[in-house]
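Working notes, structure below.
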DNA sequence: TATAAATATACGAAAAGAGTACAATCACAC
DNA sequence: GTGTGATTGTACTCTTTTCGTATATTTATA
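Chains as they are written, first to last, in my numbering: chain A, 1 to 202; chain B, 1001 to 1202.
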């Protein structure tokens, strides 16, 4: 029924909605506007999506899934050293490929009436589990210290991505990439099992 | 009556409105939102401004005036060589200090009903005259070729500011500033009266 | 304490947005 | 060509949002 292949009307609506939601959030964007921008009639919209909020959920889900995919890719790439992985994950954050627009998210949380906040809550627990299992796997393979707790690491990664954007810090280095490399190095060698320490060098 | 000094409620509303209009345009922003963000009651809003559209006009005017002021400053600074002036004007454009948000402007033009488009039209003719008189003055002082037409130059400056942002061009130079310098040099020496050519060097 | 300024709340009127119905149109297989 | 399903455009109702104002209350200040 709902053709989610690219170059379909379904997809057109989806990318248009993402673009608009990203810039202005959900509440500021109207269904008619999405239709106009996507070059699609309102009837077609309601054929594929029940309403704006459900569309927003789908957009959100797609984005999360894209993030996870990229993340998993990095984690499972065998040629990556732990240092490489750390660097790439931080880069992912920095580039914002993995980041969801503030305008978008604040609408998710503000409109409590719609129950979006609790929905995100539930959804992010699933994602969390997903990512943690990846870390656990990596841990079994000896990528990380046995007693290292992945939960804490995820929180730190988020904190780190804030640090990366810090202007004062940026002023100390030539490029954002340099900051990332520095942080990744600093971070990684505090996590690695001692025997693997040497492997992390590049 | 309408206290337009900073740190007044009037000014608070103005800067808040500008911020919101800049990001989302006029139609997406509500009066109540401006009030909430500015920490001001709705009654106070309507004390100082008749309505949202008039507020938008004031925001627009202020911005234009700020742009003209900076422009005039550059044009009248006696220590500036023509090359310097050109460079600084292009820089002004690049930094976006002088640029008005697209979201904002498109609302001005789209809502034909409100007559904003024609209002902007009228307003920009005045501004145009203003700037052109500055150029004429500069021309009398021998900054430019006698047969040079300032109208064409303004159009070219706008075109140039687009060129500056061109990514392919940026790739050829180390920094945007380099592009500007190059363009300013190129542009200026085609405009100067021949006798002044040497003065333009730096 | 008097006075002006600002706020909070509530309200009716107007406008915008959501979602649906239906006839007209388009695209394409047969 | 004809028929079929997908898509559009228009028009409409119903709901929500937004506007602008009225009124009573609070705050700040001289």
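All C-beta atoms, glycine included, are put in the ideal place defined by N, C-alpha and C.
**Request:** Could I get the ranges of all uninterrupted alpha helix (DSSP H) runs contained in the segment 7 to 41 of chain A, with 4 residues as the minimum, in chain order?
**Result:** Runs found: 9 to 24, 31 to 38.
**Message:** Less than 8 Å between the C-beta atoms of residue 38 of chain A and residue 16 of chain A, yes or no?
**Reply:** Residue 16 of chain A is positioned such that its CB atom lies closer than 8 Å to that of residue 38 of chain A.
**Simplified DSSP assignment, three categories, for residue 78 of chain A** = Three-state result, residue 78 of chain A: coil.
**Message:** Rounded to the nearest angstrom, what separates residue 25 of chain A and residue 31 of chain A at their Cα positions?
**Reply:** For residue 25 of chain A and residue 31 of chain A, the distance between alpha carbons rounds to 13 Å.
**Request:** Please name the residues in the segment 36 to 69 of chain A whose beta-carbon is closer than 8 Å to at least one beta-carbon of chain B, in chain order.
**Result:** Only those residues of the segment 36 to 69 of chain A whose C-beta falls short of 8 Å from the nearest C-beta of chain B would be listed, and there are none.
**Asked** Going along chain A in order, which residues have a C-beta closer than 7 Å to the C-beta of residue 1102 of chain B?
**Response** Ordered by position in chain A, no residue passes the 7 Å Cβ test against residue 1102 of chain B, which lies about 11 Å from the chain.
**Prompt:** Which class does residue 1003 of chain B belong to by DSSP, given the choice of helix, strand or coil?
**Reply:** With a pLDDT of 46 at residue 1003 of chain B, under the threshold of 50, the predicted position of this residue should be treated as unreliable, though the coordinate-derived value follows. Correct three-state label for residue 1003 of chain B: coil.
**Message:** Quick test of your reading: residue 1071 of chain B and residue 1131 of chain B, contact by CB under 8 Å. State the CB separation rounded to the nearest angstrom.
**Reply:** About 6 Å separates the Cβ atoms of residue 1071 of chain B and residue 1131 of chain B, confirming a contact at the 8 Å cut-off.
**Request:** Answer with yes or no whether the minimum CB distance from residue 28 of chain A to chain B is below 8 Å.
**Result:** Contact with chain B is found for residue 28 of chain A, since one of that chain's Cβ atoms lies less than 8 Å from the residue's Cβ.
**Request:** Can you give me the Cβ contacts of residue 1020 of chain B inside the same chain, cut-off strictly under 8 Å, excluding the 5 residues immediately before and after it?
**Result:** 1029, 1033, 1034, 1037.
**Prompt:** Is it true that the segment 131 to 141 of chain A meets the segment 68 to 86 of chain A, where meeting means three or more beta-carbon pairs spaced less than 8 Å apart?
**Reply:** Between the segment 131 to 141 of chain A and the segment 68 to 86 of chain A, the count of Cβ pairs shorter than 8 Å is three or higher; the stretches touch.
**Message:** Rounding to the nearest angstrom, what Cα-Cα distance links residue 195 of chain A and residue 80 of chain A in this structure?
**Reply:** Per-residue confidence for residue 195 of chain A stands at a pLDDT of 47, beneath the threshold of 50, marking its modelled position as unreliable; the derived number appears in the next sentence. Spanning the alpha carbons of residue 195 of chain A and residue 80 of chain A requires a straight line of approximately 17 Å.
**Request:** Closer than 9 Å by beta-carbon distance: list the chain B residues that pair up with residue 24 of chain A, in chain order.
**Result:** Near residue 24 of chain A (Cβ distances below 9 Å), the residues of chain B are 1023, 1024, 1025, 1028, 1103.
**Request:** Check each candidate in B:1055, B:1050, B:1047 and name the one with the smallest Cα separation from residue 1014 of chain B.
**Result:** Of the candidates B:1055, B:1050, B:1047, the one whose C-alpha sits nearest the C-alpha of residue 1014 of chain B is B:1055.
**Prompt:** At a cut of 8 Å, does the segment 1048 to 1068 of chain B reach the segment 1098 to 1108 of chain B through at least three beta carbon pairs?
**Reply:** With the cut-off at 8 Å, the segment 1048 to 1068 of chain B and the segment 1098 to 1108 of chain B touch.
**Request:** Express the C-alpha separation of residue 1123 of chain B and residue 1062 of chain B in angstroms, rounding to a whole number.
**Result:** Cα-Cα distance, rounded: 12 Å.
**Message:** Mapping the DSSP letters down to three states, classify residue 49 of chain A as helix, strand or coil.
**Reply:** If DSSP states are grouped into helix, strand and coil, residue 49 of chain A belongs with coil.
**Prompt:** For the alpha helix (DSSP H) that residue 139 of chain A lies in, which residues bound it at each end?
**Reply:** Start and end: 116 to 140.
**Contacting residues, own chain, Cβ-Cβ under 7 Å from residue 127 of chain A (five flanking each side not counted)** = The residues 64, 68, in chain order, have a CB closer than 7 Å to that of residue 127 of chain A in the same chain once the five nearest residues on each side in sequence are set aside.
**Prompt:** Where does residue 1202 of chain B land, buried or exposed, given buried means 16+ other C-beta within 10 angstroms?
**Reply:** Residue placement at residue 1202 of chain B is poorly supported in this model, since its pLDDT is 34, which falls under 50; the coordinates are not used for a value here.
**Message:** Can you tell me whether residue 1101 of chain B is helix, strand or coil according to DSSP?
**Reply:** For residue 1101 of chain B, the secondary structure class from DSSP, reduced to helix, strand or coil, is coil.
**Residue from A:48, A:100, A:51, A:87 with nearest C-alpha to residue 66 of chain A** = For residue 66 of chain A, the closest C-alpha among the options A:48, A:100, A:51, A:87 is that of A:100.
**Message:** For residue 82 of chain A and residue 60 of chain A, I'd like the C-alpha separation in whole angstroms.
**Reply:** Using only the alpha carbons, I get a separation of about 29 Å.
**Prompt:** Alpha carbon to alpha carbon, how far is residue 48 of chain A from residue 1042 of chain B?
**Reply:** Cα-Cα distance, rounded: 40 Å.
**Asked** Regarding residue 60 of chain A and the ligand MG, is the C-beta to nearest heavy atom distance less than 7 Å?
**Response** Absence of the ligand MG from the depicted structure is noted, as is the absence of any ligand whatsoever, leaving it without description.
**Prompt:** What is the C-beta distance between residue 23 of chain A and residue 103 of chain A, in whole angstroms, given that I count them as a contact (C-beta under 8 Å)?
**Reply:** Right, their Cβ atoms sit about 7 Å apart.
**Prompt:** What's the C-alpha gap between residue 27 of chain A and residue 1084 of chain B?
**Reply:** Cα to Cα, residue 27 of chain A sits roughly 46 Å from residue 1084 of chain B.
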